[in-house]
Amino acid sequence: MTASMNVPMNVPTAADRRILVIEDEQDLASLLVLHLSELPAQVMVANDGQTGLELALAHQWDVIVLDLRLPRLGGLDVCREVRAKSAHVPILMLTARSSELDRVLGLELGADDYLTKPFSVLELQARIKALLRRAAHGARPESADDGPVRIECGALRVDRAQRRAWLADAEITLTPREFDLLWHFASHPGRVFTRAELLSSVWGYGHDGYDHTVNSHINRLRAKLGDERTDASYIHTVWGVGYRFEAVA
Ligand code: CA
Numbered sequence: 023m024t025a026s027m028n029v030p031m032n033v034p035t036a037a038d039r040r041i042l043v044i045e046d047e048q049d050l051a052s053l054l055v056l057h058l059s060e061l062p063a064q065v066m067v068a069n070d071g072q073t074g075l076e077l078a079l080a081h082q083w084d085v086i087v088l089d090l091r092l093p094r095l096g097g098l099d100v101c102r103e104v105r106a107k108s109a110h111v112p113i114l115m116l117t118a119r120s121s122e123l124d125r126v127l128g129l130e131l132g133a134d135d136y137l138t139k140p141f142s143v144l145e146l147q148a149r150i151k152a153l154l155r156r157a158a159h160g161a162r163p164e165s166a167d168d169g170p171v172r173i174e175c176g177a178l179r180v181d182r183a184q185r186r187a188w189l190a191d192a193e194i195t196l197t198p199r200e201f202d203l204l205w206h207f208a209s210h211p212g213r214v215f216t217r218a219e220l221l222s223s224v225w226g227y228g229h230d231g232y233d234h235t236v237n238s239h240i241n242r243l244r245a246k247l248g249d250e251r252t253d254a255s256y257i258h259t260v261w262g263v264g265y266r267f268e269a270v271a
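Numbering (this note's numbering), first residue to last: 23 to 271.
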């Protein structure tokens with residue numbers, strides 16, 4: 023981390039992007055700093071969960087890279103605490119291959135994406151770039167500026183410019199990915215999307231075994247919309263195929 027971290031910056035540039043890495047393995051942390059700095063970005067490292075949480079809440083970050091197995095405070099707790107206080111910062115979790123449960127829990131707790139160790143540098147950079155693009159532009163790149171900026175659907179109101187949503191005039195707190203997912207659905211009412219299509223459109227890359235990612239985000243989004251599995255007002259399960267958005271009065 024450079025000394026300029028605490029200096030106010032007026033004109034944001036690519037180099038001003040700030041990434042917090044919470045990782046206790048020194049070798050991996052050094053590798054992450056090396057390769058994330060190339061993006062370019064300013065990278066700060068915390069070697070335990072408690073320090074990581076304090077840093078996460080004390081500064082503005084464009085992305086937080088969060089290991090799940092951490093001393094002092096576990097990654098899932100860090101994820102939950104950060105999400106409770108900051109709905110918008112993208113979180114990329116690092117998980118061990120064996121910890122399927124951690125991965126699912128992490129996504130349920132509000133992580134935007136995960137990488138399974140060991141991962142390639144290129145894959146890491148691609149994931150971080152995707153999260154940075156979204157953080158910078160406030161939307162996935164292909165959504166551009168065409169199309170409506172506000173959608174009203176029954177009691178649901180979604181505003182793309184503000185990236186906020188309301189249900190019966192009460193604001194719903196959404197993570198960046200949840201918002202993207204909701205916007206994608208709401209702008210294509212009636213259309214059935216497979217999980218693979220949602221991954222490609224909302225996450226922007228293909229990957230084997232990512233059904234968990236989609237399922238977890240949809241489950242959380244549905245909970246926030248008040249949708250039940252069998253009695254949904256907005257996001258409906260199309261058995262054996264995927265999901266469909268349709269406002270049911
Ligand atoms: Ca660890």
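Using N, Cα and C, we set each Cβ at its ideal position, and we do this for glycine too.
- Item | Distance between beta carbons of V67 and A51, contact taken as under 8 Å | Counted from its first residue, the sequence shown places residue 51 at position 29. Counted from its first residue, the sequence shown places residue 67 at position 45. Yes, A51 and V67 are in contact; Cβ-Cβ is about 5 Å, under 8 Å.
- Near E164, what residues of its chain come up, given a Cβ to Cβ distance below 6 Å and the 5 sequence neighbours on each side ignored? Here residue 164 refers to the residue found at position 142 of the sequence shown. Because the pLDDT of E164 is 42, which lies under 50, any placement of that residue in the model is unreliable, and the number read from its coordinates should be weighed accordingly. Apart from sequence neighbours up to five positions away, no residue of its chain approaches E164 with a beta-carbon distance below 6 Å.
- Item | Coarse secondary structure for H234, derived from DSSP in three states | Here residue 234 refers to the residue found at position 212 of the sequence shown. In the structure shown, H234 adopts helical secondary structure according to DSSP, grouped into three states.
- Message: Using a strict less-than 6 Å threshold between each residue's beta carbon and the heavy atoms of ligand 1, what residues do you get?
- Response: Sorted by position in the chain, D46, E47, D89, R91, L92 make up the residues whose C-beta lies under 6 Å from a heavy atom of ligand 1.
- Query: I think H234 touches V143, with their Cβ atoms under 8 Å apart; what is that distance to the nearest whole Å?
  - Reply: Taking the sequence shown and counting its residues from 1, one reaches residue 234 at position 212. Taking the sequence shown and counting its residues from 1, one reaches residue 143 at position 121. Not a contact, Cβ separation roughly 24 Å.
- Comparing alpha-carbon positions, which option in V224, Q72, H57 lies nearest L10? Nothing in the structure corresponds to residue 10, since the chain is present only between 23 and 271.
- Beta-carbon contacts of V214 that lie in its chain and below 8 Å, excluding the five residues immediately before and after: Taking the sequence shown and counting its residues from 1, the one referred to as residue 214 is at position 192. Here the set comprises V260, V263, G264, Y265, R266.
- Message: Considering only DSSP beta bridges, list what L54 is partnered with.
- Response: Within the sequence shown, numbered from 1, the residue matching residue 54 stands at position 32. L54 is not bridged to any residue.
- Query: Where I194 and G226 are concerned, what is the direct C-alpha to C-alpha distance, given to the nearest angstrom?
  - Reply: Locating residue 194 in the sequence shown gives position 172, where the first residue counts as 1. Locating residue 226 in the sequence shown gives position 204, where the first residue counts as 1. Those two C-alpha atoms are separated by around 24 Å.
- Message: Excluding the 5 residues flanking E219 on each side, which residues of the same chain have their C-beta closer than 8 Å to its C-beta?
- Response: Your numbering for residue 219 matches position 197 in the sequence shown. Sequence-distant partners of E219 (beyond 5 residues in either direction) whose C-beta falls short of 8 Å from its own C-beta, in its chain, are G264.
- Tell me the DSSP bridge mates of G279? In the structure displayed, the chain extends from 23 to 271; residue 279 sits before or after that span and is not available.
- Query: By Cβ distance, which residues of its chain are closer than 6 Å to L56, with the 5 residues on each side in sequence left out?
  - Reply: For this step, residue 56 is matched to residue 34 along the sequence shown. None.
- Can you name, in chain order, every residue of its own chain whose Cβ lies under 6 Å from the Cβ of L178, other than the five neighbours on each side? Start at 1 with the first residue of the sequence shown, and residue 178 comes out as number 156. Answer for L178: L189, listed in chain order.
- Message: My output table needs one value for Q64: the three-state DSSP class, helix, strand or coil.
- Response: Sequence index remark: in the sequence shown, residue 64 carries index 42 (1-based). Note: Q64 maps to strand in three-state DSSP.
- Item | Own chain residues within Cβ distance below 6 Å of P93, not counting five before or after | Your numbering for residue 93 matches position 71 in the sequence shown. Excluding sequence neighbours, P93 sits near D46, D70.
- Task: Go ahead and label D202 buried or exposed: buried means 16 or more other beta carbons lie within 10 angstroms of its beta carbon, across all protein chains shown.
- Result: Stepping through the sequence shown from its first residue, residue 202 is reached at position 180. Residue burial is scored here from C-beta neighbours: D202 has at least 16 other C-beta atoms within 10 angstroms and is therefore classed as buried.
- Message: So, at 6 Å on beta carbons, what are the nonlocal neighbours of E130 in its own chain, with the 5 sequence-adjacent residues on each side left out?
- Response: Sequence index remark: in the sequence shown, residue 130 carries index 108 (1-based). Here the set comprises S238.
- Within the same chain, show all residues whose beta-carbon is closer than 6 Å to that of G97, passing over the 5 residues directly before and after it, in chain order. As a first step, residue 97 must be located in the sequence shown, where it is residue number 75. Once the five neighbours on either side are set aside, the close Cβ partners of G97 are L88, D89, L90.
- Taking the alpha helix (DSSP H) that L79 falls in, what are its first and last residues? Sequence index remark: in the sequence shown, residue 79 carries index 57 (1-based). First-last of the alpha helix (DSSP H) with L79: 71-80.
- Task: With DSSP collapsed to three states, give me the class of R109.
- Result: Locating residue 109 in the sequence shown gives position 87, where the first residue counts as 1. Correcting the residue type first, residue 109 is Ala in the shown sequence and not Arg. In this structure, A109 counts as coil in the three-state DSSP scheme.
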